[in-house]
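In order, the protein sequences belong to chains A and B.
Start counting the first sequence at 1; every next residue gets the next number (the UniProt record's numbering).
Start counting the second sequence at 1; every next residue gets the next number (the UniProt record's numbering).
Built from N, CA and C at the ideal position, the CB exists for glycine as well.
A quick write-up on the structure given underneath.
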Amino acid sequence: MELTNQIILLGSAVLLASVLSSVITRRLGVPLLLVFLVLGMLLGEEGPGGIQFQDVQMAHLFGSLALAIILFDGGMRTPFSSFRVGLRPALGLATLGVVITAGVTGAFAAWWLGLDWLMGFLLGAIVGSTDAAAVFSLLHARGLALKQRVGATLEIESGSNDPMAIFLTLVLVEVLVDGGGHMGFTVLWEFLRQIGLGAVLGLAGGTGLRWLINRLDMPQGLYPLAAMAGGLTVFGLTAVLGGSGFLAIYLAGLLLGNRPLQASQYINRFHDGIARLAQIGMFLMLGLLVTPSELLPVAVDALLIAAVLILVARPLAVWLCLLPFKFPWREQVFVGWVGLRGAVPIILALFPLLAGIPQGEMLFNIVFFVVLISLLVQGWTITPLARWLGLELPPASQVVQRVELDIPGQQELELVGYQLAENSPVVREHWTGFTLPRSVRVVAHLRDKVLLDTLDMLDLRAGDYLYLLAPPQDLPALDRLFVAVEAPERLSDRSFFGAFVLNGGARMADLSMAYGLEVPPEARDLTLDDFMRRALNTQPVVGDRLQLNGVELVVREVSGDRITRVGLKFTRG
Amino acid sequence: MNIGELLGSDRVHCTAEVSSKKRALEMLGEMLSTRLPKLTTGEIFDSLLARERLGSTGLGHGVAIPHGRLEGADEACAALLRLDRGVDYDAPDSEPVDILFALVVPTESSEEHLQILAVLARMFSDPETLARLRDAGSTREILDLLGRWSTGDGD
Numbered sequence: 001m002e003l004t005n006q007i008i009l010l011g012s013a014v015l016l017a018s019v020l021s022s023v024i025t026r027r028l029g030v031p032l033l034l035v036f037l038v039l040g041m042l043l044g045e046e047g048p049g050g051i052q053f054q055d056v057q058m059a060h061l062f063g064s065l066a067l068a069i070i071l072f073d074g075g076m077r078t079p080f081s082s083f084r085v086g087l088r089p090a091l092g093l094a095t096l097g098v099v100i101t102a103g104v105t106g107a108f109a110a111w112w113l114g115l116d117w118l119m120g121f122l123l124g125a126i127v128g129s130t131d132a133a134a135v136f137s138l139l140h141a142r143g144l145a146l147k148q149r150v151g152a153t154l155e156i157e158s159g160s161n162d163p164m165a166i167f168l169t170l171v172l173v174e175v176l177v178d179g180g181g182h183m184g185f186t187v188l189w190e191f192l193r194q195i196g197l198g199a200v201l202g203l204a205g206g207t208g209l210r211w212l213i214n215r216l217d218m219p220q221g222l223y224p225l226a227a228m229a230g231g232l233t234v235f236g237l238t239a240v241l242g243g244s245g246f247l248a249i250y251l252a253g254l255l256l257g258n259r260p261l262q263a264s265q266y267i268n269r270f271h272d273g274i275a276r277l278a279q280i281g282m283f284l285m286l287g288l289l290v291t292p293s294e295l296l297p298v299a300v301d302a303l304l305i306a307a308v309l310i311l312v313a314r315p316l317a318v319w320l321c322l323l324p325f326k327f328p329w330r331e332q333v334f335v336g337w338v339g340l341r342g343a344v345p346i347i348l349a350l351f352p353l354l355a356g357i358p359q360g361e362m363l364f365n366i367v368f369f370v371v372l373i374s375l376l377v378q379g380w381t382i383t384p385l386a387r388w389l390g391l392e393l394p395p396a397s398q399v400v401q402r403v404e405l406d407i408p409g410q411q412e413l414e415l416v417g418y419q420l421a422e423n424s425p426v427v428r429e430h431w432t433g434f435t436l437p438r439s440v441r442v443v444a445h446l447r448d449k450v451l452l453d454t455l456d457m458l459d460l461r462a463g464d465y466l467y468l469l470a471p472p473q474d475l476p477a478l479d480r481l482f483v484a485v486e487a488p489e490r491l492s493d494r495s496f497f498g499a500f501v502l503n504g505g506a507r508m509a510d511l512s513m514a515y516g517l518e519v520p521p522e523a524r525d526l527t528l529d530d531f532m533r534r535a536l537n538t539q540p541v542v543g544d545r546l547q548l549n550g551v552e553l554v555v556r557e558v559s560g561d562r563i564t565r566v567g568l569k570f571t572r573g
Numbered sequence: 001m002n003i004g005e006l007l008g009s010d011r012v013h014c015t016a017e018v019s020s021k022k023r024a025l026e027m028l029g030e031m032l033s034t035r036l037p038k039l040t041t042g043e044i045f046d047s048l049l050a051r052e053r054l055g056s057t058g059l060g061h062g063v064a065i066p067h068g069r070l071e072g073a074d075e076a077c078a079a080l081l082r083l084d085r086g087v088d089y090d091a092p093d094s095e096p097v098d099i100l101f102a103l104v105v106p107t108e109s110s111e112e113h114l115q116i117l118a119v120l121a122r123m124f125s126d127p128e129t130l131a132r133l134r135d136a137g138s139t140r141e142i143l144d145l146l147g148r149w150s151t152g153d154g155d
């Protein structure tokens with residue numbers, strides 16, 4: 001009795017402390033996951049907490065579970081449109097990239113530590129994958145919007161590269177335990193089974209789960225649970241049959257999140273929370289598991305291995321894998337740097353321990369240290385680096401209050417609330433002539449807690465509340481009217497895209513006429529869209545830019561593969 | 001180059017009713033032709049319209065800067081039209097436009113053209129300037145307001 005209550009108190013206090021610490025760390029820019037990991041270490045056997053936790057089996061169970069939930073949520077949040085630009089480069093990175101990273105890091109580790117080659121490669125494989133939890137928590141952080149090519153590539157890569165690292169690790173552990181009796185075709189077969197079963201069962205499971213949820217009639221609170229249980233069933237089934245459960249649950253989440261789904265806002269909100277809980281829990285637990293004093297003896301080795309991994313192996317792998325896709329160099333540098341290592345390597349480092357490989361303990365400690373360094377060095381510098389490389393985009397929506405209305409069988413509608421401020425555009429510019437998008441209705445206009453009788457909005461003042469009924473696609477237009485621009489000047493729409501908007505279909509000859517620009521004769525008959533796509537030499541995304549004597553052309557809107565709108569920015573004056 | 005000097009008091013108009021984007025551009029053409037004797041209203045209008053085909057010159061927030069390079073224009077010159085009710089202008093934010101600033105430059109001065117446009121873009125993205133422009137009671141007030149803006153080099 002007494003113990004139960006103590007455990008509940010301790011657990012909830014730790015969770016509360018973790019949640020609250022996220023508020024502080026966001027201001028400091030410290031990577032959140034690092035905080036949880038350190039918090040776990042403080043609570044552990046050698047910190048003030050003094051909790052003994054050495055159960056590798058249990059750590060593995062909860063770690064895998066947490067990872068599955070995080071990948072499920074990540075899949076649900078990845079829009080299909082990301083795949084247009086991100087899929088092919090990401091697939092290369094998720095397979096070949098992992099092998100190259102693991103190979104280079106492993107070769108160095110074997111040479112430096114004087115290990116058997118296979119042990120070296122095992123270490124490389126364990127730290128070979130980019131961590132989904134870390135990347136998702138970074139990319140979905142408030143206030144960082146990245147160019148789509150970079151964001152999509154990293155998101156899909158980190159969501160789909162764990163199977164490869166897990167597979168490499170499992171195979172190497174098996175070979176080390178069995179003495180390498182069956183290589184060759186068996187290994188290839190194993191690989192194909194992992195990927196194939198993972199993909200097939202993930203897609204089938206996702207489709208089936210969606211079908212099921214859309215046909216169920218139950219209290220709203222149960223839908224998210226059905227989704228999570230279904231997703232984890234897909235994970236378990238695939239893994240039991242010998243496929244990659246992580247790939248399967250990521251794909252299932254992807255299908256669920258991208259197709260119309262009953263009660264989707266409840267499901268999304270629930271999974272947002274549960275995925276955060278999984279992150280906190282997993283990193284706390286892994287922090288508990290490690291014995292900090294055992295890290296010190298391997299510190300120098302781990303530091304060197306981390307340096308090779310971060311500065312040589314990952315950039316080399318990224319460069320080779322992205323070669324066919326002609327990413328601009330800035331974007332390559334960024335993708336190379338965001339090779340964040342997180343929970344997956346630590347969980348994978350449990351495999352050799354579970355298999356009873358003699359040097360497993362040392363391997364685990366090195367891996368843990370490498371992850372610490374990666375989270376510290378890379379995690380802390382990613383946002384400034386994105387800014388420095390010019391890969392940020394203007395933020396999309398800043399609505400104050402929004403309630404999604406789940407009207408059965410209707411188009412999506414939301415009730416959105418704005419509080420007008422002194423610097424809201426409509427107030428600040430004395431702008432009364434604006435019109436609302438066609439499908440938006442004003443529901444209420446409040447001043448000093450009183451509902452006004454008229455809804456014509458001719459007299460808008462700071463402090464007023466406006467409530468409107470609007471479809472989600474109209475929110476950016478409403479934001480432009482009512483929300484004070486808080487983005488830094490360099491990311492305001494005007495300084496990012498330039499003042500004027502040109503049509504993708506405009507002819508280059510006409511453009512040259514209008515501004516006296518020098519356009520090569522062979523380009524005169526091209527449209528602006530053709531011209532820019534040729535010059536950019538890669539699949540265009542919003543934010544790509546091109547210099548042309550005295551002006552800059554910035555891609556502003558892309559539809560399919562075509563550039564539909566281009567910003568015109570004056571670089572002088 | 002001072003923005004107020006580009007305008008001149010006879011080329012600032014505040015008017016109640018304009019029915020369409022086309023009509024607004026015609027009015028601006030008429031205003032500009034008083035200063036550009038070699039050009040007809042039609043030629044100026046055609047030039048402004050040709051530029052609109054490349055993409056609306058609306059900046060958003062109810063402002064538009066129609067502009068054109070014209071052979072036969074002796075100097076850079078501008079006209080301003082303020083409307084009580086905005087017209088549909090196909091602007092990027094889909095909002096009607098109630099402030100139009102038209103600019104015409106000679107073909108040979110493309111460098112100057114880009115400089116003036118850059119200043120105009122900066123000027124019309126300043127919320128204070130927009131508010132005072134919308135509140136201004138007289139042509140004089142508008143000229144004073146815009147006279148504070150000029151391109152960096154020269155006078």
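Rounded to whole angstroms, the gap between the alpha carbons of Leu502(A) and Leu16(A) is 51 Å.
Residue environment analysis places Gly11(A) among the exposed positions, since fewer than 16 neighbouring C-beta atoms fall within 10 angstroms of its C-beta. Contacts with chain B (Cβ-Cβ distance below 8 Å) from the region 433-456 of chain A involve Gly433, Phe434, Thr435 and Pro437, listed in chain order. In the DSSP secondary-structure assignment, Tyr467(A) is bridged to Gly417(A) and Ala444(A). Neighbours of Ala477(A) across chain B, judged by C-beta separation under 9 Å: Asp93, Ser94 and Glu95.
Contact annotation for Gly55(B) against chain A: Phe500, Val501, Leu502, Asn503 and Ala506 [CB-CB distance below 7 Å, chain order]. Look at Thr15(B) here: in three-state DSSP terms it is strand.
DSSP places Asn503(A) inside the beta strand (DSSP E), whose first and last residues are Phe500 to Asn503.
In the DSSP assignment, Asn2(B) is bridged to Ser150(B). Val541(A): not part of any alpha helix (DSSP H); DSSP gives it neither H nor E. Here the C-alpha atom of Asn365(A) lies approximately 9 Å from the C-alpha atom of Ala349(A). Within the DSSP secondary-structure output, Ile69(A) pairs in no beta bridge. By the Cβ test, the region 142-161 of chain A is not in contact with the region 112-121 of chain A, since fewer than three Cβ pairs between them sit closer than 8 Å.
Here DSSP, grouped into helix, strand and coil, assigns Gln547(A) to strand. Excluding its 5 nearest sequence neighbours in each direction, Arg51(B) has C-beta neighbours in its own chain below 8 Å: Thr57, Pro66, His67 and Gly68, listed in chain order. Bridge partners of Lys569(A) according to DSSP: Glu552(A). Using a Cβ distance threshold of 7 Å, Gly97(A) and Ala278(A) do not count as a contacting pair.
CA-CA distance, Leu39(A) to Leu284(A), rounds to 6 Å. Against chain B, the CB of Phe570(A) has a partner CB under 7 Å away; the residue lies at that interface. For the region 507-535 of chain A, residues whose beta-carbon sits nearer than 9 Å to a beta-carbon of chain B comprise Arg507, Asp510, Leu511, Met513, Ala514, Tyr515, Gly516, Leu517 and Leu528. At a Cβ-Cβ threshold of 7 Å, Ala462(A) and Leu451(A) do not count as neighbours. Within the region 65-87 of chain B, the residues whose Cβ lies closer than 9 Å to any Cβ of chain A are, in chain order, Ile65, His67, Gly68, Arg69, Leu83, Asp84, Arg85 and Gly86.
Of Pro106(B), Ile142(B), Thr129(B) and Ala121(B), the smallest CA-CA separation from Lys38(B) is found for Pro106(B). Taking C-alpha positions only, Arg565(A) is separated from Val442(A) by approximately 30 Å.
Around the beta carbon of Gly106(A), 16 or more other beta carbons sit within 10 angstroms, so the residue counts as buried. Looking from the CA of Leu225(A), the closest CA among Leu478(A), Ser374(A), Leu309(A) and Phe72(A) belongs to Phe72(A).
The Cβ-Cβ distance between Phe570(A) and Ala118(B) falls below 7 Å.
Between Ala499(A) and Ala121(B) a beta carbon distance of about 3 Å is seen, short of the 8 Å cut, so the two are scored as contacting. If only complete runs of 3 or more residues are kept, the UniProt domain "PTS EIIA type-2" (5-149) of chain B shows the beta strand (DSSP E) at 12-15, 58-60, 67-70, 77-87 and 97-106, in order along the chain. The beta carbon of Pro127(B) sits closer than 7 Å to some beta carbon of chain A.
Exposure of Lys449(A) is indicated by the presence of fewer than 16 other C-beta atoms within 10 angstroms of its C-beta. Beta bridge pairing from DSSP links Ser559(A) with Arg562(A). Not one beta carbon of chain A lies nearer than 7 Å to the beta carbon of Gly42(B).
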